[in-house]
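In this note's numbering, the protein residues as written are 8 to 130.
Glycine residues also receive a C-beta, built at the ideal position from the N, C-alpha and C atoms.
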């Protein structure tokens with residue numbers, strides 16, 4: 008399950024994976040995020056917050072995730088990976104080659120620093 012919350016005032020989406028991700032998780036996330044993008048033209052940022060990456064429940068979930076990234080990365084200024092997972096550094100380096108958004112890693116307890124970093128983009 009992927010918990011999605013939107014801070015519309017700051018145009019920030021917060022994604023918190025709670026278990027292995029499903030294809031439906033990304034469809035649900037898009038249904039919450041797309042109206043904000045339509046209204047403002049883009050998101051200031053996405054915060055992905057999890058202690059450790061839970062993985063995908065199937066290959067279909069992985070392809071749904073990749074499709075979500077493909078369809079949204081041009082509409083997001085910054086992505087903050089807020090996690091203690093060692094995969095964050097790897098994900099940051101790899102994803103930066105494929106997405107327009109600026110990506111930065113933060114430790115799990117530094118969610119406020121991540122919000123501040125994304126907020127710099129809208130000042």
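8 Å CB neighbourhood of residue i in its chain, flanking five on each side removed
i           : result
residue 117 : 89
residue 111 : 85, 86, 87, 88, 99, 121, 124
residue 132 : This structure leaves residue 132 out entirely; the chain is present only between 8 and 130.
residue 91  : 58, 59, 114, 115
residue 61  : 24, 25, 26, 27, 28
Distance, residue j Cα to residue i Cα
i          : j           : result
residue 39 : residue 58  : 23 Å
residue 51 : residue 17  : 7 Å
residue 14 : residue 66  : 31 Å
residue 56 : residue 36  : 14 Å
residue 41 : residue 76  : 12 Å
residue 45 : residue 127 : 22 Å
residue 34 : residue 119 : 27 Å
DSSP-derived helix/strand/coil call for residue i
i           : result
residue 42  : helix
residue 10  : strand
residue 1   : With the chain covering only 8 through 130, there is no way to say anything about residue 1.
residue 59  : coil
residue 65  : coil
residue 18  : coil
residue 36  : helix
residue 27  : coil
residue 112 : strand
residue 53  : strand
Limits of the unbroken alpha helix (DSSP H) element including residue i
i           : result
residue 120 : 118 to 127
Chain-order list of residues whose beta-carbon lies under 6 Å from that of residue i (same chain, five-residue window excluded)
i           : result
residue 121 : 54, 87, 89, 113
residue 68  : 28, 29, 30
residue 21  : 12, 54
residue 49  : 82
Cutoff 7 Å; reference residue i; Cβ partners in own chain excluding five residues on either side
i           : result
residue 10  : 23, 25
residue 8   : 25, 26, 32
residue 108 : 80, 83, 84, 85, 86
residue 63  : 27, 28, 69, 72
Residue range of the unbroken beta strand (DSSP E) whose run includes residue i
i          : result
residue 81 : Unbroken run through residue 81: none, as it is neither H nor E.
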